[in-house]
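**Q** In this text, residue positions in the sequence shown follow my numbering: the first is 2, and each later residue adds one.
Glycine residues also receive a C-beta, built at the ideal position from the N, C-alpha and C atoms.
Since we're looking at a predicted model, the values are computed, not measured.
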Amino acid sequence: MIKMNDITRDGNPVLRKRAEKLSFPLDAKYIKVANEMMEYLKNSQDPKIAEKYHLRAGVGLAAPQIGLSIQMASVLVPGPENEIVFEETLVNPVIISQSVQVAALEEGEGCLSVDKDVPGYVPRHDRITIRYQTLDGEEKTIKLRDYPAIVCQHEIDHLKGTLFYDHINKKDPLDIEEGAILIG
Ligand code: 4LI
Ligand code: NI
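This is the structure in structure tokens:
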């Protein structure tokens, strides 16, 4: 079971590397890693389990965050009634198209690898089309918008060595372009 101690923190060089593309069929060890990453997200979103194991809640976790420089990230986005809005482990994901429309989380972004609060808007694309492979090598192309799109951009950034605060305007963290959508 993945716990906070297994999560690499800002300053660890693995978070700044470009992750390696995976080839198929996936080695069994990577399937296990993927299942553990998704299990972390589920556990972290369960108040009882999270409290018991001191897990910080997350909706996305990328392999470099557990020290593996491979192109894999798990995403588990719950909706307002706790229903699952998006659940997937993305392998070799790429953004193939993106809206000009910008969006940002109104409350800023957090990251399991960044312990300090870094306030400010993180400008993202409101809509994206991503292409990725599933754990069994199926090629998928899907469109996402709003919160799930923001989470996937944050996770895909991890595979490129980018952290959310890299995108925050250093001079004025709450400066964002006119017309940007703020997601509450
Ligand atoms: C408990 C149970 C307020 C502050 C609101 C919590 C179940 C921030 C938001 C959660 C903020 C769940 C989240 C992310 C933000 C803030 C991630 C709570 C877990 C909200 C996810 C990757 C950025 C993703 C919306 C500094 C660890 N997650 N909140 N950002 N939730 N969560 N990000 N922003 N301000 N980070 O953090 O998983 S994209 Cl689901
Ligand atoms: Ni992160």
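May I ask you to list the residues that DSSP assigns as paired with glycine 61?
**A** Its beta-bridge partners are Val76.
**Q** Which term fits aspartate 137, buried or exposed, when burial requires 16 or more other beta carbons within 10 angstroms of its beta carbon?
**A** By the 10 Å Cβ count, aspartate 137 comes out exposed.
**Q** Using only the alpha-carbon positions, how far apart do methionine 5 and arginine 17 sit?
**A** Taking the straight line joining both Cα atoms gives about 19 Å.
**Q** State buried or exposed for methionine 38, treating a residue as buried only when at least 16 other CB atoms are found within 10 Å of its CB.
**A** When all chains shown are included, methionine 38 counts as buried.
**Q** Could you tell me which of Gln66, Asn44 and Ser70 sits nearest to alanine 58, measuring between CA atoms?
**A** When only C-alpha atoms are compared, the closest one is Asn44.
**Q** From which residue to which residue does the beta strand (DSSP E) around proline 94 run?
**A** Where proline 94 is concerned, the enclosing beta strand (DSSP E) stretches over 85-99.
**Q** Would you report the Cα separation of proline 14 and isoleucine 71, rounded to the nearest angstrom?
**A** Rounded to the nearest angstrom, the two C-alpha atoms are 14 Å apart.
**Q** According to DSSP, is arginine 10 helix, strand or coil?
**A** Of the three classes helix, strand and coil, the one that applies to arginine 10 here is coil, per DSSP.
**Q** For arginine 19, does the count of other Cβ atoms within 10 angstroms reach 16, so buried, or fall short, so exposed?
**A** Looking at its Cβ environment, which holds fewer than 16 other Cβ atoms inside 10 Å, arginine 19 is exposed.
**Q** Residues near the ligand 4LI, CB to any non-hydrogen atom under 6 Å, in chain order?
**A** Here the residues come out as Gln46, Ala58, Gly59, Val60, Gly61, Pro79, Leu106, Glu108, Gly109, Glu110, Gly111, Cys112, Leu113, Asp118, Ile151, Val152 and His155.
**Q** For the alpha helix (DSSP H) that contains tyrosine 133, what are its first and last residues?
**A** Segment 128-134 is the beta strand (DSSP E) holding tyrosine 133; no alpha helix (DSSP H) there.
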